[in-house]
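Have a look at the structure below before the remarks.
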Amino acid sequence: RREHGHALLGADAAGRPLAEGAAPARVVLAVGNEGAGLGPAVRAECDALVSVPMRGGTESLNVAVAAGILMYELTRERA
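Under our numbering, the first residue of the sequence shown is numbered 1402, with each subsequent residue one higher.
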């Protein structure tokens, strides 16, 4: 992926909110499972960790919902 100019962004609750910074033009988004998140090998390969900011008492989002929000943010930046 790097040789083709893609950055690997990993979805992680400890990451920076994606909306806070411009994402690279070419992105591969990695999401983990709902219980354990990204595995250590994938996390080590990530160029950056990103998150979905949440308010109130919300602990977590379903992985499909979180991925959808992150993909929306990635495409919104390019519109």
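All C-beta atoms, glycine included, are put in the ideal place defined by N, C-alpha and C.
Range of the contiguous alpha helix (DSSP H) that encloses residue i
| i | result |
| --- | --- |
| Val1464 | 1464 to 1477 |
| Ala1420 | Unbroken run through Ala1420: none, as it is neither H nor E. |
| Ala1442 | 1441 to 1446 |
CB-CB length for residue i against residue j, believed under 8 angstroms
| i | j | result |
| --- | --- | --- |
| Asp1413 | Ser1452 | 6 angstroms |
| Leu1450 | Gly1411 | 5 angstroms |
| Leu1430 | Ala1468 | 7 angstroms |
| Ala1420 | Glu1474 | 6 angstroms |
CA-to-CA distance, residue j to residue i, given in whole angstroms
| i | j | result |
| --- | --- | --- |
| Glu1446 | Val1428 | 13 angstroms |
| Leu1409 | Val1432 | 11 angstroms |
| Ala1442 | Arg1477 | 29 angstroms |
| Gly1436 | Pro1418 | 20 angstroms |
Delimiting residues of the beta strand (DSSP E) encompassing residue i
| i | result |
| --- | --- |
| Val1429 | 1428 to 1431 |
| Ser1452 | 1449 to 1452 |
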